[in-house]
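Residue numbers (the numbering used here): 56 to 174.
C-beta: ideal position from N, C-alpha, C; glycine also.
Report on the following structure.
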Amino acid sequence: MDNCIFCKIVEKQIPATILYEDDDLMAFNDINPAAPVHFLIIPKKHLSSLADASAEDAVLLGKMLELAPKLAAQQACAYIEHADGSKSGGFKTVINTGPDGGQVVYHLHMHVIGGAKLA
Numbered sequence: 056m057d058n059c060i061f062c063k064i065v066e067k068q069i070p071a072t073i074l075y076e077d078d079d080l081m082a083f084n085d086i087n088p089a090a091p092v093h094f095l096i097i098p099k100k101h102l103s104s105l106a107d108a109s110a111e112d113a114v115l116l117g118k119m120l121e122l123a124p125k126l127a128a129q130q131a132c133a134y135i136e137h138a139d140g141s142k143s144g145g146f147k148t149v150i151n152t153g154p155d156g157g158q159v160v161y162h163l164h165m166h167v168i169g170g171a172k173l174a
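Structure follows, in structure tokens:
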């Protein structure tokens, strides 16, 4: 997609603070963070939204979900269940889809948000 800002980040035409990259995915800090930790995980393959994903994208979507807690832990937002049963840390994942869902950039992306206790 010629005008897709995330495709341009994937192609290294626009700079970003990249946290992770492999053949399928890229993760980078959100340029307008909503919390102390706020990064995005995107597929390198252009999908306009989650609504455009098909069964053939299931592995890619699963890979995005699997990556989220690993990167959150690297950013000091790990979810921890302690031996005494108490819990601490954690993060929120959000995929906005379409205008009513709050999607602004039409390239599938998952927000991973953490830090101070989130509402």
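Two segments are said to touch when three or more pairs of C-beta atoms, one from each, lie closer than 8 Å; by this definition the stretch 149-166 touches the stretch 101-108. Around the Cβ of I96, a 10 Å sphere holds 16 or more other Cβ atoms; the residue is buried. Contact between L126 and L74 holds: their C-beta atoms lie close to 6 Å from each other, under 8 Å. Annotation: P124 to A133 spans about 7 Å, alpha carbon to alpha carbon. By the Cβ neighbour-count rule, H137 is exposed, with fewer than 16 other Cβ atoms within 10 Å of its own.
In the three-state reduction of the DSSP assignment, L122 falls in the helix class, which pools H, G and I.
Per DSSP, the unbroken beta strand (DSSP E) holding I96 starts and ends at 92-98. When DSSP states are grouped into helix, strand and coil, L163 belongs to the coil group. Per DSSP, the continuous beta strand (DSSP E) segment holding K142 begins and ends at 142-144. Each residue's CA atom was taken as its position, placing F83 and I69 some 12 Å apart. Taking the CA atoms as reference points, D78 sits about 12 Å from E66.
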